[in-house]
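Number of protein chains: 2
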Amino acid sequence: MAAQTFSRRNLNFLLHEVFKAEELTQHPYFKDYSREAFDMVLDSATEISEKILLPVFTEGDRTPPELRNGEVKVHPAVGRFLKAVGDAGLLGAGFPVEHGGQQLPELVNSAVAFILGAGNNSLIMFKGLTEGAAHLITSFGLPELTQTYVPNMLAGTWTGTMCLTEPQAGSALADVATTATPQPDGSYRIRGQKVFISAGEHDQADNIVHLLLARIDGAPKGTKGISLFVVPKKRLDGSDNDVTPTGLYHKMGQKATPAMHLTFGDRDDCHGYLVGEPHRGLAYMFQMMNEARLGVGLCGAYIASAAYYASLRYAQERPQGRRLNNKNPDEPPTLIINHPDVRRMLLFQKAVVEGALSLILEACRYVDLTRVTEGEEREGYELLLDLLTPIAKTYPAEAGIRAVSEGLQVLGGYGYTEDFPLEQYYRDIRITSIYEGTTTIQSLDLLARKVTQKGGRGLQKLLAEITQTLDDARTFDDLQPYTNRLTEEIARLQDVTRHLLDLLATGDAERACADATLYMEQFGLVTIAWQWLKQAVVAKRALVGGAPEGDESAFYEAKLHTMKFFFRYELPKTLGLAARLLDTEALTLPTEAGVML
Amino acid sequence: MAAQTFSRRNLNFLLHEVFKAEELTQHPYFKDYSREAFDMVLDSATEISEKILLPVFTEGDRTPPELRNGEVKVHPAVGRFLKAVGDAGLLGAGFPVEHGGQQLPELVNSAVAFILGAGNNSLIMFKGLTEGAAHLITSFGLPELTQTYVPNMLAGTWTGTMCLTEPQAGSALADVATTATPQPDGSYRIRGQKVFISAGEHDQADNIVHLLLARIDGAPKGTKGISLFVVPKKRLDGSDNDVTPTGLYHKMGQKATPAMHLTFGDRDDCHGYLVGEPHRGLAYMFQMMNEARLGVGLCGAYIASAAYYASLRYAQERPQGRRLNNKNPDEPPTLIINHPDVRRMLLFQKAVVEGALSLILEACRYVDLTRVTEGEEREGYELLLDLLTPIAKTYPAEAGIRAVSEGLQVLGGYGYTEDFPLEQYYRDIRITSIYEGTTTIQSLDLLARKVTQKGGRGLQKLLAEITQTLDDARTFDDLQPYTNRLTEEIARLQDVTRHLLDLLATGDAERACADATLYMEQFGLVTIAWQWLKQAVVAKRALVGGAPEGDESAFYEAKLHTMKFFFRYELPKTLGLAARLLDTEALTLPTEAGVML
């Protein structure tokens, strides 16, 4: 039997009991689905995860790809995986049927990714990148671009990439310098360097379709002069398209997926095809980037999930030491799960994994609802999604990194060795606070853009959602301490928000946003507390109404227990964060004189 | 020029301006030293660090030792390093002259280790382990044991190890099962398994001297039946002593130092020699363990130091993006050190590195003072040392891990690659919260033992020391906000301490200590705030009294700035910790029914 890396029971709880996936099937767009159909999709993902992905998780790390003679060989399981998800209809399952997809709700599609990623967070990237690239083409490209490229991508025979970052610019996309020169046939000649291109070169697909940002000759400087192109590795006639893998990064983790330095147009013969209108590339890319950000958040959650179950298993099997109230050496050692600090580390992991996953699935539900609603209702979901996306990217990444670290710590010295998977999870998950916009960038996005945009209506919408949860929770006396705590936290977050928006209104954005990362941390804690209270309401209803027994009862009790843990161990961190955020002494602004760092 | 990994200016500040190393030379024991002599020692360490250690830092990680045919080849720089420190008199420099040492104050000796470790945290372990083993022999062994083993160890031709951990027992030393059977000649036959033995086998010394815990036949169970033995790899006649390297752990970091699984007495022919009295081995080991714990704290600090300077260098050289108040794409990108969140990450690192180092050097000063004082005065320093040791081990480890993570984050995607040393520091430092007693164990030691022992006199002593610093700080009006804050924090720590000690007095140690790790975190923050205020007083005096110019003025201003940063960004975390610690809802105790984790 494969080692447990996720809880199907918890996925069912979130999908069906908390987020009511079946209700989506009442909308025509999702009408072909049912609970049974969703279950079959998850079963299929589980089989691929356990049979193809998990067995090569360690091996993929120990035998990472290298660039040799312009070629990169990746683990052959990549090809098996792409074929399996292609055959199972899991590649682009969330796309509309007209674009070759299955119109699977994003809620369930993300559960699929959670299952696959918990098995192998490195190999699943080939799927996510291919879908992201295909989605850009179907969303903004001319129909012939879609017809030419997308079917092979969704079949798993071609893969895709996102080519944004350049060596001199890093996250600063305004400084993209790759050029696109128009040709008489309507195509462009591409010339430039792109770095950190995940799956940018490998031997497990017949072609690689790069989605690339470049500047058409004469385009304005800055973000308003960037266009989006399809640049295949091979042209349709099979000839080489002058895309050269010039370097391979040796990463600390996620080693099975090569991150490439690619040179486009070294021989001035790299053909690119414009996607959508000129100069709108960044806007297109950002629509996909938002999906990608939820994907990175999910990655934080699924790596933390796999690490949690690995450390839980160890704690349930490893005898060591004695309980503090009974240190009699004549008695056998106790299992380490009976040591309170080990339980604290396990509960912290569970609180992070299940809290983070809940938030991401909530965001996915909003994605689904934007697809089946219109007008003001739809705009409401878009506002919620816009506001929550940077948080749903950042909390799972940052808290996930700490959760995996606690998982490693549960194993003591063994956790630091390759004999157990924790050290690999620890290395793998570290990238999540960097990918698709670092935590700093997400935090600036939250404070300077999302909280203020459209008159702060996104925040109002969120507060209305949280108020609904608080009202639901108030029907249970047991939950009162927690409704009170969350109510206080909302007030505290509003105080801090007002303070920062007042500063922002002075026009000194640099100063107002200096501690945006701490604001993100506070906002994240409150958001996850909301998700935990929401789960607690559902658990409480099940315990009161259904009188479940045995494991079912224990499942719901554990939900309540973990909610309490989050409120009593994690949520108090807002006290220190708010104290700093309300403190007006600026200490991190660059000064003329310069403090010697 | 070698890349900067530490600040000599800061070491001089701490050694001479804060901790007055020269004052120690007024005591007869240290009378042969002077400021100039200390400088020469540090110069010598710097040369070894820059010429021998740092150049192989990366290579040692990329070509880790393997166990092949019972042999382990380590990087040949290990041998060069041991010879260099042996020749320079830096091996056992802190030992009394009568034991082959130089009577170097521990204050300066730790500065030496800081310099060496910042260059290569893996190779320096061969030195630390050899000194620890030699120190056990000289402190507790018969003179002939010292004569037989120690001179070669301090010359760098033999190395030492500490063999405590066993596969079935882990941290639970009460369960040590290795046996020692008395022989007619006074020696013992040793039989057992030891795991995680750093430098337990390698090819860069003529012999390896294991200091091993075992149970003499018929000894009582538990901690009271454990004895300490010298077990050499080779006997004095050069013959093999039946110590078999049966496994080599593949670690996530510190790869250049092999961690071995050793089998003693596989052929029942492993000779061991008792150190000190039977059954007192654990007490002996713990005296050395306290030194080793300060050493691990120092390791957290020097890895964080090397990471800090690597990320600072990058931030000072890397242009990217524009300042928030001026996003004009026509202007060139700014250096990333001008982004507030990057400055925050750099200041955090500086605050951790220099705060942690200060605390460790304070503890080392207490070590020195115990050597030159007597009676009640000496007991006072011992109490302070006992109390501060678990904190000086844990804060640098835990905060250091976070500091290095921020260092990696400063580099964005590049930080995740092998092109820069950050990812290696990130992997290397992770062990520090595990080595020599995990954070959990240190925290239990602090709360259940150190705070309570001898009627709480250690804590009283510490409060008296902090009060002295507060009195000094009150002479500067500018420091008033910070004296007020620290005063509040002392009160908060006392409230929490009283609450926990009241719980402990009920006899339910398990419950009282359930959140010992959070108590450690709060205690650590307050202790480091004290160290920062102490540094600020010295900086303030220098600025007011000496009117320093240029870099010197900037150095002191940076000290004040970093103190403020620590107080305003880190110290508020005590609010959340205290809220949890005063909360009486227990959530991590093992229950009969058991919550499904």
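Keeping their order, the protein sequence lines are chains A and B.
Be aware that the first sequence starts at 47, since it is given in the numbering used here, and climbs by one per residue.
Be aware that the second sequence starts at 47, since it is given in the numbering used here, and climbs by one per residue.
Where a beta carbon is used, it is the ideal one built from N, C-alpha and C, also for glycine.
None of the values given here were measured: they were computed from a predicted structure.
- Per DSSP, the unbroken beta strand (DSSP E) holding Phe310(A) starts and ends at 305-310.
- The closest CA to that of Pro228(B), considering only Gly106(B), Gly453(B), Asp315(B), is found on Asp315(B).
- Residues of the region 195-221 of chain A with a C-beta atom less than 9 Å from some C-beta of chain B are Thr211, Gln214, Ala215, Gly216, Ser217, Ala218, Ala220, Asp221, listed in chain order.
- At a cut-off of 7 Å between C-beta atoms, Gln366(A) counts as an interface residue with respect to chain B.
- Ranked by Cα distance from Ile475(B), the first of Asp249(B), Arg339(B), Ala443(B) is Ala443(B).
- The alpha-carbon of Lys280(B) is positioned some 38 Å away from that of Val418(B).
- Distance from the CA of Gln395(B) to the CA of Tyr471(B), rounded to the nearest whole angstrom, comes to 13 Å.
- Tyr295(B) is positioned such that its CB atom lies closer than 7 Å to that of Thr463(A).
- Bounds of the beta strand (DSSP E) holding Gly238(A) are 234-244.
- Asp107(B) sits buried, since 16 or more C-beta atoms from the chains shown fall within 10 Å of its C-beta.
- In this structure, Leu403(B) places its C-beta atom within 7 Å of the C-beta atom of Ala347(B).
- In the DSSP assignment, Tyr319(A) falls within the beta strand (DSSP E) that extends over 317-321.
- Taking each of Asp283(A), Ala226(A), Pro230(A) in turn and checking the Cα distance to Gly327(A), the smallest one comes out for Ala226(A).
- If the five residues before and after Ser285(A) are omitted, its C-beta is found closer than 6 Å to no C-beta atom of its own chain.
- 7 Å or more divides the Cβ of Cys559(A) from the Cβ of Ala625(A).
- For Pro189(B), the closest of Asn287(B), Glu144(B), Ala361(B), Leu282(B) by C-alpha to C-alpha distance is Glu144(B).
- Sorting Glu598(B), Tyr615(B), Glu556(B) by C-alpha distance to the C-alpha of Ala632(B) places Glu556(B) at the top.
- C-alpha of Val87(B) to C-alpha of Gly147(B): approximately 14 Å in a straight line.
- Within chain B, the residues Glu556, Pro636 have their CB atoms less than 8 Å from the CB of Arg369(A), given in chain order.
- Pro291(B) sits in a strand when the DSSP states are folded into three classes.
- Leu57(B) and Met171(B) have their C-alpha atoms roughly 21 Å apart.
- Of all residues in the region 375-402 of chain B, the ones placed with a Cβ closer than 8 Å to any Cβ belonging to chain A are Pro375, Asp376, Pro379, Ile383, Asn384, His385, Pro386, Asp387, Val388, Arg389, Arg390, Leu392, Leu393, Lys396, in chain order.
- For Met208(B), the beta-bridge partners assigned by DSSP are Leu257(B).
- The C-beta distance from Glu482(B) to Val342(B) rounds to 5 Å, short enough to meet the 8 Å contact threshold.
- Distance from the CA of Gln488(B) to the CA of Val321(A), rounded to the nearest whole angstrom, comes to 59 Å.
- Against chain B, a Cβ distance below 9 Å from Thr463(A) picks out Phe242, Tyr295, His296, Lys297, Met298, Ala305.
- Taking a Cβ-Cβ threshold of 9 Å, the residues of chain A close to Ser479(B) are Ser451, Gln455, in chain order.
- Counting C-beta atoms within 10 angstroms of its own C-beta, Glu112(B) has fewer than 16 neighbours from the protein chains shown and is therefore classed as exposed.
- Only those residues of the region 536-561 of chain A whose C-beta falls short of 9 Å from the nearest C-beta of chain B are listed: Gly553, Asp554, Ala555, Glu556, Arg557, Ala558, Cys559, Ala560, Asp561.
- The C-beta of Ser80(A) has fewer than 16 other C-beta atoms within 10 Å across all chains shown, which makes the residue exposed.
- Comparing alpha carbon positions, the residue from Gly246(A), Ala130(A), Met609(A), Ala223(A) closest to Ala302(A) is Gly246(A).
- In the structure shown, the three-state DSSP call for Ser273(B) is strand.
- The region 361-434 of chain B contains, as complete alpha helix (DSSP H) runs of 4+ residues, the segments 386-418 (chain order).
- Taken through DSSP and simplified to helix, strand or coil, Val118(A) comes out as strand.
- Within the DSSP secondary-structure output, Thr463(A) pairs in a beta bridge with Lys297(B).
- When Cβ-Cβ separations below 7 Å define contact, Glu631(B) makes contact with chain A.
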